[in-house]
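Letter 51 of the sequence shown, counting from 1, is numbered 582 in my numbering, and no numbers are missing.
Data block below; observations after.
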Amino acid sequence: MIAITKNIENIPASLIDKAREKAFLENKKAKKYVSNLAYKTKDVQSKLIEIYHNKCAYCEKNLDDTDKNIEHYRPKSIYYWLSFSWDNLLFCCAQCNRKKSNKFAIKGVKQEIDDFELLKFIDFQTISKELDEKEQPLLVNPERENQVFFDDTILFQLIGEKTGYVTSLNERVQYTIDSCDLNRKELVQKRLLILNDLKNIINRQKIMFDKKKDISELISFLSLLKQIEIEKINQNREFIALRKTIIANFVKLVKNIE
Ligand SMILES: [Zn+2]
532 MIAITKNIEN IPASLIDKAR EKAFLENKKA KKYVSNLAYK TKDVQSKLIE
582 IYHNKCAYCE KNLDDTDKNI EHYRPKSIYY WLSFSWDNLL FCCAQCNRKK
632 SNKFAIKGVK QEIDDFELLK FIDFQTISKE LDEKEQPLLV NPERENQVFF
682 DDTILFQLIG EKTGYVTSLN ERVQYTIDSC DLNRKELVQK RLLILNDLKN
732 IINRQKIMFD KKKDISELIS FLSLLKQIEI EKINQNREFI ALRKTIIANF
782 VKLVKNIE
């Protein structure tokens, strides 16, 4: 996971049109989500693709060649009144979406639509901040945290038996890892590919070094390699959190490669 910057004031037009307002009122009356996928509009999807650089909010996988899901941070099965709320709509892969499902543990007080009797339809577009303060959800919302939070809390295993796994000492991050199953085989394998590519390059250079025994050559190669890895971190790349961990632990990683 990485921090995502979304302008919540820049609401896609379809979310606040008459059809959505009607569906919102139907949900409100039924006290459950009864609309038929009415949040999956073109402008919502294209805006989310742009904001998320076409990557999953939770696992950071690129979604060019796979299903793109518009996901409700607060599940629409529970929070039917937030089905069309711009700040409740995230972008994610089908696997994370399915695993997360309607999991949404909170430490604070559960809010109901009746708590907001005076609010109009449009007011529910940007209500996350207020809800988060009252409910204190465990699930991490990448749109509501800054990058320092992720840098400080996400731990990737770079060596040892669990290489490629992600963990955290932070309760909320660990809850998110568990809820979305971020250590599923598919993701661990993708992380291992990134790690192994790098390890192979370093290894080859080490073998060359053993033949030539020119330490300065090895050092300049490794610093160049580290620079290349840093340059790989741009918004469009997948698995940025892992790449950042690799760079932060570059020396340790090099030492551990046999
Ligand atoms: Zn995902």
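Even glycine gets a Cβ: it sits at the ideal position worked out from N, Cα and C.
Just so you know, these numbers come straight off a predicted model, no measurement behind them.
Between which residues of its own chain and residue i is the CB-CB distance below 6 angstroms, once the five residues before and five after are set aside?
i: Arg722; result: Gly695 and Leu773
i: Ile759; result: none
i: Gln656; result: Ile542, Ser616 and Trp617
i: Asn701; result: Thr684
i: Lys631; result: Ser710 and Cys711
i: Tyr604; result: Asn619, Leu621 and Asn672
The alpha helix (DSSP H) with residue i in it runs from where to where?
i: Leu755; result: Ile746 to Glu762
i: Leu729; result: Lys716 to Lys743
i: Glu674; result: Element bounds for Glu674: n/a, residue is neither H nor E.
i: Phe781; result: Phe781 to Asn787
i: Cys627; result: Ala625 to Lys631
i: Asp663; result: Ser659 to Glu666
i: Asn558; result: Lys549 to Ala561
i: Ser699; result: Note, Ser699: premise wrong, no alpha helix (DSSP H); not H, not E.
i: Lys641; result: Run containing Lys641: none; DSSP gives neither H nor E here.
Out of the options, point me to the one whose CA is closest to residue i's CA.
i: Ile542; options: Leu700, Thr698, Ile658 and Ile777; result: Ile658
i: Arg768; options: Tyr583, Lys743, Lys549 and Asn780; result: Tyr583
i: Val785; options: Arg735, Ile771 and Lys630; result: Arg735
i: Leu594; options: Ile788, Phe770 and Thr776; result: Phe770
i: Cys627; options: Thr707, Asp682, Lys571 and Met739; result: Thr707
Within the same chain, show all residues whose beta-carbon is closer than 8 angstroms to that of residue i, passing over the 5 residues directly before and after it, in chain order.
i: Ile637; result: Glu666, Gln667, Pro668 and Leu669
i: Gln688; result: Thr694, Gly695, Tyr696, Val697 and Thr698
i: Ile761; result: Ile778
i: Ser614; result: Ala554, Phe555, Asn558, Tyr564, Ser566, Ala569, Tyr570, His603 and Lys607
Measuring only the C-alpha atoms, how far is residue i from residue j?
i: Lys737; j: Gln720; result: 25 angstroms
i: Ala625; j: Leu713; result: 13 angstroms
i: Glu674; j: Ile750; result: 39 angstroms
i: Ser710; j: Lys744; result: 49 angstroms
i: Phe652; j: Tyr611; result: 13 angstroms
i: Glu602; j: Glu676; result: 18 angstroms
i: Phe752; j: Ile644; result: 60 angstroms
i: Asp574; j: Ser545; result: 7 angstroms
i: Asp728; j: Ile685; result: 22 angstroms
i: Phe555; j: Lys549; result: 10 angstroms
i: Lys562; j: Thr572; result: 23 angstroms
i: Gln576; j: Asp598; result: 12 angstroms
i: Phe740; j: Asn731; result: 14 angstroms
i: Gln705; j: Lys742; result: 45 angstroms
i: Glu552; j: Gln678; result: 34 angstroms
Closer than 7 angstroms by C-beta to residue i: which residues in its own chain qualify, once you throw out the five before and the five after it? Chain order, please.
i: Asn633; result: Pro606, Ser608 and Ile609
Counting along the chain, where does the beta strand (DSSP E) carrying residue i start and finish?
i: Asn600; result: Lys599 to His603
Handout entry: Contact set, ligand 1 heavy atom to C-beta under 6 angstroms
Key = Cys587, Tyr589, Cys590, Lys592, Cys623, Cys624, Gln626 and Cys627
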